[in-house]
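Residue numbers (our numbering): 12 to 192.
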């Protein structure tokens, strides 16, 4: 894998620590900015997903013949910068997903809904890698897997824009709780 990433195993180990640390630190910064500028959770999800997608696309540029940037061999500084950006986008993104989901949950049904969340979360943690491994096996390269992930991010932003009405979701959750009691 480090051969195709065009970097050393040592750099990949650094990434294992760098990404979660940046994700944790960015949570505090984004929380402060969200409160100060009254940024909606939906906007945070758009921004986080967009940044994550741009990092993936930048990464892919380096695979083009003759590329001088975008994960070019020997540019370990790019790997570190991309790791920071992935962490900065990923921490608040996951947090925003959970927060927006929790706002839809009817009172008294938290365990049911978060159990469902947990099932889908665990499902995606094996299903996504299975798809990416299959793509890599068929194509012989992980580039198409990265492109697949970027396309799924773009698709999620489109679906979020057209199919998720946060205000309506909160109302429906409250109505469900009221009708039940």
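For every residue, glycine included, the Cβ atom is placed at its ideal position computed from N, Cα and C.
Nearest CA to the CA of residue 19: which residue from 157, 90 and 66?
The shortest C-alpha separation from residue 19 is found at 90.
Which of the three DSSP states is assigned to residue 175 in this structure?
Three-state result, residue 175: coil.
Would DSSP call residue 49 helix, strand or coil?
Coil.
Going by beta-carbon coordinates alone, are residue 98 and residue 30 separated by less than 7 Å?
Yes, the Cβ-Cβ distance between residue 98 and residue 30 is below 7 Å.
Using a Cβ distance threshold of 8 Å, determine whether the segment 114 to 130 contacts the segment 177 to 191, with at least three qualifying pairs required.
Segments in contact, yes.
Per DSSP, what kind of secondary structure is residue 147 in: helix, strand or coil?
It is helical.
Just tell me which of 73, 47 and 87 has its CA closest to the CA of residue 23.
When only C-alpha atoms are compared, the closest one is 87.
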